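Here's the structure we're looking at; comments come further down.
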Amino acid sequence: MPRIRTYNDLAEPDRSDLLGQVTAQRSRVAARLAPVRHVVAVASGKGGVGKSFVTAGLAAALARSSRAIGVLDADLQSPTAARMLGVPVGRLEVTGDAVIPPRSADGIRVMSSELLLAEGAPLQWKEPAHERFVWRGTLETGMLREFLSDVEWGTLDVLLVDLPPGGDRLGALTELVPNLAGIVVVTIPSDASLRAVRRGVREARDRGVRVLGIVENMAGYACGKCGEVSPLFSGDAAQQLAKDADAPILASIPFDPATQKAWDGGTGARGHGTAAPQSSQLPAHSPAAALERAATALMSRLP
Amino acid sequence: MKFLCIDCDAQMAFEERELPGDGTLAATFKCPSCGRSVAMLTNPMETQLVSSLGVEIGGRTVPAQPMELIRTRVEGGREDAFTDEAPAADGRLPTAVNPPGRVTWDAAATERLSRVPSFVRGMVKRIYADYAAERGIARITTDVMDTARRELGLEGM
């Protein structure tokens with residue numbers, strides 16, 4: 001048996017170079033995001049607190065202040081961002097090395113699995129029938145990577161990434177986008193929310209991710225007639241989280257059924273189906289005014 | 001990974017990839033000295049691991065296509081999710097397989113292309129069209145498609 005040479009003894013390159021291929025994927029993400037000034041994730045450790053609503057509302061408020069905004073819906077299993085922003089589900093144009101993101105009426109560039117899947121269809125993968133759970137995470141991280149690298153985001157002031165509940169996707173995002181500007185943490189006032197979201201804040205800090213601020217959603221119920229805000233939940237989760245994270249509360253947003261209906265119908269950014277409201281016209285207690293305050297506070301936290 | 005022909009003490013060169021069935025990925029390598037070929041066979045778990053990462057054993061043979069992992073791995077994507085050609089000046093989307101001034105497709109090749117799921121069809125069409133254009137092939141036939149598949153290692157396309 002002759003002495004077999006080692007991998008490094010062989011002078012010809014390793015055409016597979018799997019590590020090189022993975023590195024090239026990361027370089028592609030970095031190159032695509034180079035014209036994006038800030039990538040900001042909207043996150044929560046708890047589901048149902050209104051992350052997507054806050055993401056869409058922040059995006060609309062920032063766009064109204066003449067900023068170039070993108071929204072990446074990283075909630076791949078339960079996508080909602082496109083319809084909330086009124087982006088029609090149509091054909092995506094592929095040009096060169098990228099997919100052109102459709103735009104909302106406000107010019108917000110959006111990418112979401114909602115634009116790829118048939119109506120009502122779950123996100124499923126071509127995979128062996130057994131051990132599916134092994135692959136899901138890797139495939140979904142690949143999907144997130146392609147949403148970052150293969151979408152022609154162009155020059156943006158802020159790319160908002162709407163994360164699903166929990167911390168898994170934040171981990172993938174921080175590896176793909178090492179210069180993530182930070183996260184906006186969304187909570188409702190309750191103690192249950194505090195317990196769940198606190199874990200997410202801890203995880204973010206452990207990963208070295210900056211908490212840009214807390215948004216308290218469903219912070220009471222605003223009377224449509226007199227504007228008086230009554231409590232919906234007991235608790236002070238936002239104040240506790242702000243203390244934990246050493247970050248400000250960007251805004252407290254009251255719940256308003258008409259606002260919720262408008263966003264669900266894709267007309268929220270236009271002020272319940274009418275013309276886009278001017279900041280000065282917004283009632284101070286309205287969700288839209290709170291979102292404007294959150295957007296202003298968020299920008300003040302970015303370099 | 002590298003493959004060594006022990007008799008010749010020569011590094012074997014990547015030849016092609018294919019999916020022969022049951023989740024196996026076959027990557028063949030050939031000794032440039034004696035011509036001996038070997039096939040590396042992955043089991044379904046290994047095949048899935050590689051494809052889930054979006055990498056290719058033997059290296060990339062065509063540039064990464066936009067949303068390639070999504071288009072090749074998502075089950076049941078919307079039929080009309082993508083258009084791989086720019087809309088015309090009037091905004092209408094292309095429907096013809098043989099737009100003027102481009103590489104053309106004969107009937108059998110068009111029929112084979114039509115069997116590719118529409119979610120990924122535009123991408124596959126573009127890969128074959130680029131292959132033909134780069135080689136000065138004016139008309140794509142099923143023979144051209146077979147050759148391209150073999151040369152480019154377009155397993156599963």
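One line per chain: the protein sequences are A and B, in this order. Taking my numbering, I'd label the letters of the first sequence as residues 1 to 303. Taking my numbering, I'd label the letters of the second sequence as residues 1 to 157. Think of the CB as a built atom: it goes at the ideal place given N, C-alpha and C, for glycine as much as any other residue. Only a predicted model underlies this, so the values are computations on that prediction, with no experimental measurement involved.
Query raised in the report: Among Lys2/B, Leu53/B and Ser33/B, which residue has its Cα nearest to the Cα of Ala27/B?
Result: Lys2/B
Query raised in the report: chain A partners of Ile127/B, CB-CB under 8 Å?
Result: Within chain A, no residue comes near Ile127/B; the closest Cβ sits about 12 Å away, beyond 8 Å.
Report task. Indicate whether at least one CB of chain B lies closer than 9 Å to the CB of Gly96/A. Result -> yes
Query raised in the report: Which of helix, strand or coil does DSSP assign to Asp106/B?
Result: coil
**Report entry** Per-residue DSSP class, three states only, for Gly273/A
**Finding:** Residue placement at Gly273/A cannot be trusted, given a pLDDT of 39 that sits under 50; the coordinates are not used to answer.
Query raised in the report: Three or more C-beta pairs closer than 8 Å, one from the stretch 170-180 of chain A and one from the stretch 96-105 of chain A: is that the case here?
Result: no
Query raised in the report: Would you say Thr83/B and Leu92/A are within 9 Å of each other, going by their C-beta atoms?
Result: yes
Requested in this report: Return the residues of the stretch 117-128 of chain A that lie within a Cβ-Cβ distance of less than 9 Å from chain B, sorted by chain order.
Outcome: Leu117, Ala118, Glu119, Ala121, Pro122, Leu123, Gln124, Trp125, Lys126, Glu127 and Pro128
Requested in this report: Identify the continuous beta strand (DSSP E) that holds Val29/A and give its terminal residues.
Outcome: Note, Val29/A: premise wrong, no beta strand (DSSP E); alpha helix (DSSP H) at Leu18 to Leu33.
Report task. Leaving aside the five residues before and after Arg150/B along the sequence, list all residues of the same chain whose C-beta is less than 6 Å from its C-beta, in chain order. Result -> Glu16
Requested in this report: Determine the direct distance from the alpha carbon of Val40/A to that of Val177/A, and round the result to whole angstroms.
Outcome: 10 Å
Query raised in the report: Between Gly77/B and Leu116/A, is the Cβ-Cβ spacing less than 9 Å?
Result: yes
Requested in this report: Apply the 10 Å Cβ neighbour rule to Cys5/B and answer buried if 16 or more other Cβ atoms are within range, or exposed otherwise.
Outcome: buried
Query raised in the report: In terms of alpha-carbon separation, which member of Glu127/A, Asp106/A and Met143/A lies closest to Glu114/A?
Result: Met143/A
Query raised in the report: Name the DSSP bridge partner or partners of Thr6/A?
Result: Note: Thr6/A sits in no beta bridge, so no partner.
Requested in this report: Kindly indicate the opening and closing residues of the alpha helix (DSSP H) around Lys125/B.
Outcome: Ser118 to Glu134
Report task. Could you tell me whether any Cβ in chain B is nearer than 9 Å to the Cβ of Gly273/A? Result -> Low confidence applies to Gly273/A: its pLDDT is 39, below 50, so where it sits in the model is not reliable enough to give any reading.
Requested in this report: Tell me Ser113/A's beta-bridge partners as DSSP assigns them.
Outcome: Ser113/A pairs with nothing; no bridge assigned.
Report task. Compare the C-beta of Val99/A with all C-beta atoms of chain B and state if any pair is closer than 9 Å. Result -> yes
Requested in this report: Sort out for me which residues DSSP pairs Glu216/A with in a bridge.
Outcome: Thr187/A and Ser252/A
Report task. Taking Thr61/B and Ala109/B to be in contact with their CB atoms under 8 Å, please state how far apart those CB atoms are, rounded to whole angstroms. Result -> Actually they are not in contact, since the Cβ atoms of Thr61/B and Ala109/B sit about 20 Å apart, beyond 8 Å.
Requested in this report: Answer with yes or no whether the minimum CB distance from Ser78/A to chain B is below 9 Å.
Outcome: no
Query raised in the report: Are the C-beta of Ala251/A and some C-beta of chain B separated by less than 9 Å?
Result: no
Query - CB contact flag (Arg28/A, Ser193/A, <9 Å) - result: no
Query - Asp162/A at chain B interface by Cβ criterion, 9 Å - result: no
Report task. Taking 9 Å as the cut-off, decide whether the C-beta atoms of Ile183/A and Val211/A are in contact. Result -> yes
Report task. Can you give me the start and stop residues for the alpha helix (DSSP H) that Ile137/B sits inside? Result -> Taken as a continuous stretch (DSSP letters only), Ile137/B belongs to no alpha helix (DSSP H), as it is neither H nor E.
Query raised in the report: Is Ser52/B close to chain A, meaning its C-beta is less than 9 Å from at least one C-beta of that chain?
Result: yes
Query raised in the report: Between the C-alpha atoms of Glu56/B and Met45/B, what's the straight-line distance to the nearest angstrom?
Result: 15 Å
Requested in this report: Determine the chain B residues that contact Asp75/A at a beta-carbon separation under 7 Å, and present them in chain order.
Outcome: By Cβ distance, chain B contributes nothing, its closest Cβ being about 15 Å from Asp75/A, past 7 Å.
Query raised in the report: Do the stretch 126-142 of chain A and the stretch 153-162 of chain A make contact, defined as three or more Cβ pairs closer than 8 Å?
Result: no
Query raised in the report: What separation, rounded to the nearest whole angstrom, lies between the Cα atoms of Glu75/B and Val50/B?
Result: 18 Å
Query raised in the report: Leu232/A and Leu298/A: beta carbons closer than 9 Å?
Result: no
Report task. Measure the C-alpha to C-alpha separation of Leu152/B and Gly86/A and round it to an integer number of angstroms. Result -> 41 Å
Query raised in the report: Do you know offhand how far Ala275/A's Cα is from Arg64/A's?
Result: Summary for Ala275/A: the model assigns pLDDT 45, below 50, so the residue's position carries little reliability, and this model does not support an answer.
Query raised in the report: With 16 other CB atoms within 10 Å as the buried threshold, where does Gln11/B fall?
Result: buried
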